[in-house]
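Here the sequence shown is numbered in our numbering, starting from 5 and rising by one per residue. Glycine is no exception: its CB is placed at the ideal position from the N, C-alpha and C atoms.
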Amino acid sequence: VDGEITYSPRGTDGFGYDPIFAVGEKTLAEMTITEKNQVSHRARALEEFRKWYVSLR
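The following block contains the structure:
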């Protein structure tokens, strides 16, 4: 995920570095689950796995 470290923590959701890691204008802790999943490497990997798995059928 491309982003920047902020000067001060923002947001209350998430864990770990989420309050100080910003993607665009929001930190990960300020994002909704839907927004976070749009930039998440884990969500992208899971979607690619899902496509692959469905193609096996």
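Check, Outcome
"Alpha carbon to alpha carbon, how far is residue 32 from residue 38? Give it in angstroms, no decimals.", "11 angstroms"
"Pull up the distance between the alpha-carbon of residue 52 and that of residue 11, whole angstroms please.", "34 angstroms"
"Check residue 29 in the structure and name its three-state DSSP category.", "coil"
"Take residue 15 and list the residues in its own chain whose beta-carbon comes closer than 6 angstroms to its own, dropping the five residues that flank it on each side.", "23, 31, 33 and 34"
"Anyone know if the C-beta pair for residue 58 and residue 27 falls short of 8 angstroms?", "no"
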